[in-house]
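Worksheet for the structure shown next.
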Amino acid sequence: MVFAIMLTRKSDMKNSNPFNKLRWTGFVFCLGFFAIITRLILVSKFTYKNLNIEDTISAIADGFFGNYMIPFEVSALLLLIALVGAIILAKGVKN
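One rule links them: number in the numbering used here = place in the sequence shown (from 1) + 1476.
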């Protein structure tokens, strides 16, 4: 959705977005967040004992093509409608 909005932006929008003074604050925050997440991943002990991949994949496939087929398709349709609506809102309506 973000890429669709970015692709529909007009070229004159560059002048309407002034320089953000909090750019460096945001950069420091993102760098700190990345450092915390990286540290948590490196410290965590992941266990892969008794992991049967075949059963997991078949359970996911049974869920998608069995009991949850209709909700999965409805959610895909709702996401498509949201994407089209976001593009229409981003482009605006010409009078």
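Beta carbons are placed, not taken as given, at the ideal position from N, Cα and C, and that holds for glycine.
The alpha helix (DSSP H) spanning G1561 covers which residue range?
-> The sequence position of residue 1561 within the sequence shown is 85, counting from 1. For G1561, the enclosing alpha helix (DSSP H) stretches over residues M1545 to K1567.
Contacting residues, own chain, Cβ-Cβ under 8 Å from F1548 (five flanking each side not counted) | Taking the first residue of the sequence shown as position 1, residue 1548 is located at position 72. Sequence-distant partners of F1548 (beyond 5 residues in either direction) whose C-beta falls short of 8 Å from its own C-beta, in its chain, are F1540.
Residue span of the alpha helix (DSSP H) that contains F1540, given as start and end = Looking up residue 1540 in the sequence shown gives position 64. Run containing F1540: I1529 to F1541, per the alpha helix (DSSP H) assignment.
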